[in-house]
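**Student:** Would you mind keeping the following structure in view while I ask a few things?
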Amino acid sequence: MVPSCVLPLVALLLCGSELSLGGNILVIPAEYSHWINMRTVVDELVSRNHSVTVLTHSASPSIKFSQKDTFKSIVFKVDIDEEEIRALWHDILTTWMNEDISGIRLVLMLWQMTSRFERYFNAVCDGMLNEELVASLRGSNFDAVLFDPVMVCGDLLADVLGLPLIVSFRVGFAYTMERLCGQFPVPPSYVPAGASQGHLTDKMNFMERVENMLLYIAQTAIFKVQIFWTSEKNSKVTGTFRLCTIGKADIWLIRTYWDFEYPRPLLPNFKFVGGLHCKPAKPLPKVRTSVHLICLCTTNPTITKYLLEQIFKIWNLQGKKPKNIQYKIQLWTK
C-alpha cells in the first residue's frame, strides 16, 4: 500500500509539470550551408519537444520543405525569382573562392554587385514585413526568434513581434556586424579582416597593418550601404535603424571554436558553439570491388566543382600512388 505522505508529493509534481513544456521558436535561416547548419539545431530543438516554425521566402534556391519534416514551415512570396538569386550567390562564391584575387580586389568586385544585392534585400524585406504575415506570426505566440543575419530583416521582424532575438553567425567581413551591432571589440592591428583570405595573421608588419585597415574601412562602408538600403523600412516599421535592432540580440551564437580565433576581449553574450551544428560521422560501407566512385552532392554546383578541383590537385601532386591502382578522373556537372 502506498504511504499517505507520497500522494501529496506526487500531486505537487504533477502541478509543476507545465514548467517542462517546450517553447515555441521561430527560425529564420539563410541559404545553402547556413541552412544546413541551422537544420541541425532545428532537428535538435524538435527532438527536445520544442515547437519550431521555419520561415523563408518563395524564391529560396536551397531551403526546401517536405512532408517528412518534423517542424512547421511558412513560405512568404517575394518579387524576385529563384534563378536570379541563384545566379547572385553563384557569382559571390566564385569570386570569393578565387585564390588569385587579392583582398582589396575582392572588396571592389563585391562592391560592383551592390545593385543586385539591393534588389534581393528589398524583395525579401518587403515580403517578410508584410502586414498579413506579421499579424499571422504575432498570433502564433512565439517565445523567441533564432536568426541568421545573412537573411536580411529577420532582426526587424523580431523587433516588430517584440520577441527575444538569438543570432546564429559564423563571422562577418572584417567583423562589421559584430563590431557595429554587437559592440564586439576587434583591434584591427591584431585581428585580420575576414576578407584577408588567410595571408594576414595577428603578427603583422607596418604594410600588412595598412592593408588590414583598408580592408576594415572598405567592408565597413559596404555594410553601411546595406544599412542604408533597409533604413527606410526600419523607420517605417520600428522608427530605428538596423544597427539598433540587431544590436538588441540577447545571445550571439558564433559557429566556431574560441581556440581558432585571435585573442581579443569577449562580451558575455557572445558564445562560441563550434560543435553545436555538427553531427557524428557515419561509418563508410565496405567496398569489395575494384571500381571506386567518389560522388559529391551539394545544392550549389560551384561548391562541387571547387571541391573536385582541390581533390584532383591533391591526388595528382601529393603522396605516393599504389602501383596496382589505375584511375581516371572525370567531372560531371548537372
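Adding 117 to a residue's 1-based position in the sequence shown gives its number in my numbering. Glycine included, each C-beta is placed from N, C-alpha and C at the ideal position. Bear in mind the structure is a predicted one, so any value in this text is a computation, not a measurement.
#1: For residue 173, which residues does DSSP report across the bridge?
#2: If we call anything under 8 Å between Cβ atoms a contact, is residue 304 one with residue 381?
#3: Measuring straight from C-alpha to C-alpha, what distance separates residue 383 and residue 402?
#4: For the 8 Å Cβ check, are there 3 or more pairs between the segment 231-250 and the segment 180-189?
#5: Less than 8 Å separating the beta-carbons of residue 286 and residue 369?
#6: Please work out which residues of its chain come closer than 8 Å, Cβ to Cβ, to residue 257, disregarding the five sequence neighbours upstream and downstream, and give them in chain order.
#7: Quick one: residues in its chain with C-beta nearer than 7 Å to the C-beta of residue 302, no 5 flanking neighbours on either side, listed in chain order?
#8: Report buried or exposed for residue 245, applying the criterion of at least 16 other Cβ atoms within 10 angstroms of its Cβ.
#9: Per DSSP, which one or two residues make a beta bridge with residue 141?
#10: According to DSSP, simplified to helix, strand and coil, what is residue 259?
#11: Check each candidate in 166, 339, 283 and 195 and name the one with the smallest Cα separation from residue 227.
#12: Helix, strand or coil for residue 185, going by three-state DSSP, please let me know.
#13: Return the CA-CA distance between residue 168 and residue 176, expressed in angstroms with no decimal places.
#14: Whole angstroms is fine: what's the gap from residue 342's alpha carbon to residue 182's?
#15: Looking at residue 196: is its Cβ nearer than 8 Å to the Cβ of residue 240?
#16: Starting from the Cα of residue 307, find the closest Cα among 330, 204 and 202 and give me that residue.
#17: Is residue 269 helix, strand or coil when you go by DSSP?
#18: Between 206, 201 and 174, which lies nearest to residue 150 when the distance is taken from Cα to Cα?
#19: On the DSSP letters alone, give me the boundaries of the beta strand (DSSP E) that residue 284 sits inside.
#20: With C-beta atoms as the reference, is residue 217 less than 8 Å away from residue 362?
#21: If contacts are defined as beta-carbon pairs under 8 Å, then residue 317 and residue 309 qualify, I think. What distance do you get, rounded to the angstrom?
#22: In the DSSP assignment, find the alpha helix (DSSP H) that holds residue 297 and state where it starts and stops.
#23: Counting along the chain, where does the beta strand (DSSP E) carrying residue 389 start and finish?
#24: Roughly how many angstroms separate the alpha carbons of residue 270 and residue 399, rounded to a whole number?
#25: What residues match up with residue 264 in a beta bridge as DSSP calls it?
#26: Could you spell out where the beta strand (DSSP E) holding residue 371 opens and where it closes?
#27: Does DSSP classify residue 244 as helix, strand or coil?
#28: By DSSP, does residue 155 sit in helix, in strand, or in coil?
#29: If I measure Cβ to Cβ from residue 259 and keep anything under 8 Å in the same chain, skipping five residues before and after, which residues do I get?
#30: Is it the case that the Cβ atoms of residue 172 and residue 145 are separated by a distance below 8 Å?
#31: In chain order, what residues of the same chain have a beta carbon less than 7 Å from the beta carbon of residue 386, not counting five sequence neighbours either side?
#32: Which one of 390, 201 and 378 has the shortest CA to CA distance from residue 319?
#33: How many whole angstroms separate the CB atoms of residue 158 and residue 393, which I take to be in contact at a CB cut-off of 8 Å?
#34: Where does residue 308 sit, in a helix, a strand or coil, going by DSSP?
**Tutor:** In this structure, then:
#1: Residue numbering aside, residue 173 sits at position 56 when the sequence shown is read from its first letter. 192, per the DSSP bridge assignment.
#2: As a position in the sequence shown, residue 304 is number 187, starting the count at 1. As a position in the sequence shown, residue 381 is number 264, starting the count at 1. Yes. Within cutoff.
#3: Working through the sequence shown from its first residue, we reach residue 383 at position 266. Working through the sequence shown from its first residue, we reach residue 402 at position 285. Roughly 43 Å between the two C-alpha positions.
#4: no
#5: Your numbering for residue 286 matches position 169 in the sequence shown. Your numbering for residue 369 matches position 252 in the sequence shown. A contact, by the Cβ cut-off of 8 Å.
#6: Walking along the sequence shown from the start, residue 257 turns up at place 140. Closer than 8 Å at the Cβ level, and outside the excluded window around residue 257, lie 141, 143 and 170.
#7: Here residue 302 refers to the residue found at position 185 when the sequence shown is read from its first residue. 381 and 382.
#8: As a first step, residue 245 must be located in the sequence shown, where it is residue number 128. Label assigned to residue 245: buried.
#9: On the sequence shown, residue 141 is found 24 positions in, with the first residue counted as 1. The partner list for residue 141 (beta bridge, DSSP) reads 168.
#10: Here residue 259 corresponds to residue number 142 of the sequence shown, with the count starting at 1. Coil.
#11: One-based indexing of the sequence shown puts residue 227 at position 110. Checking every option, the nearest Cα to that of residue 227 belongs to 339.
#12: Against the sequence shown, residue 185 aligns to sequence position 68. DSSP places residue 185 in coil when its eight states are reduced to three.
#13: Stepping through the sequence shown from its first residue, residue 168 is reached at position 51. Stepping through the sequence shown from its first residue, residue 176 is reached at position 59. Between residue 168 and residue 176, the C-alpha separation is close to 25 Å.
#14: For the purposes of this step, residue 342 is taken as residue 225 along the sequence shown, with counting starting at 1. For the purposes of this step, residue 182 is taken as residue 65 along the sequence shown, with counting starting at 1. Spanning the two alpha carbons is a distance of roughly 33 Å.
#15: For the purposes of this step, residue 196 is taken as the residue at position 79 of the sequence shown. For the purposes of this step, residue 240 is taken as the residue at position 123 of the sequence shown. In contact: residue 196 and residue 240 (Cβ atoms closer than 8 Å).
#16: As a first step, residue 307 must be located in the sequence shown, where it is residue number 190. The shortest Cα separation from residue 307 among 330, 204 and 202 belongs to 330.
#17: Mapped onto the sequence shown, residue 269 falls at position 152. Correct three-state label for residue 269: coil.
#18: What you label residue 150 is simply residue 33 of the sequence shown in a count that begins at 1. The residue with the shortest Cα to Cα distance from residue 150 is 206.
#19: The residue you call residue 284 lines up with position 167 of the sequence shown. Taken as a continuous stretch (DSSP letters only), the beta strand (DSSP E) holding residue 284 covers 282-286.
#20: Taking the first residue of the sequence shown as position 1, residue 217 is located at position 100. Taking the first residue of the sequence shown as position 1, residue 362 is located at position 245. Cβ distance not < 8 Å, so residue 217 and residue 362 don't count as in contact.
#21: Residue 317 sits at position 200 when you count from the first residue of the sequence shown. Residue 309 sits at position 192 when you count from the first residue of the sequence shown. So it is a contact: roughly 4 Å between Cβ atoms.
#22: In the sequence shown, residue 297 corresponds to position 180, counting from 1. First-last of the alpha helix (DSSP H) with residue 297: 293-297.
#23: Residue 389 sits at position 272 when you count from the first residue of the sequence shown. Element bounds for residue 389: 387-389.
#24: Taking the sequence shown and counting its residues from 1, one reaches residue 270 at position 153. Taking the sequence shown and counting its residues from 1, one reaches residue 399 at position 282. Taking the straight line joining both Cα atoms gives about 37 Å.
#25: Position 147 of the sequence shown, counted from the first residue, corresponds to residue 264. Looking at the DSSP assignment, residue 264 forms a beta bridge with 145 and 284.
#26: Residue numbering aside, residue 371 sits at position 254 when the sequence shown is read from its first letter. Note, residue 371: beta strand (DSSP E), 368-371.
#27: For this step, residue 244 is matched to residue 127 along the sequence shown. Reduced to three states, the DSSP call for residue 244 is helix.
#28: Locating residue 155 in the sequence shown gives position 38, where the first residue counts as 1. It is helical.
#29: Looking up residue 259 in the sequence shown gives position 142. Around residue 259: 141, 142, 143, 170, 278 and 280.
#30: As a first step, residue 172 is located in the sequence shown; it is residue number 55 there, counting from the start. As a first step, residue 145 is located in the sequence shown; it is residue number 28 there, counting from the start. Yes; because the gap between Cβ atoms is below 8 Å, this pair is in contact.
#31: Working through the sequence shown from its first residue, we reach residue 386 at position 269. Closer than 7 Å at Cβ, skipping near neighbours: 367, 368 and 369.
#32: Sequence index remark: in the sequence shown, residue 319 carries index 202 (1-based). Looking at the Cα atoms, 378 is the closest of the given residues.
#33: Mapped onto the sequence shown, residue 158 falls at position 41. Mapped onto the sequence shown, residue 393 falls at position 276. Right, their Cβ atoms sit about 7 Å apart.
#34: On the sequence shown, position 191 is the one that residue 308 refers to. If DSSP states are grouped into helix, strand and coil, residue 308 belongs with coil.
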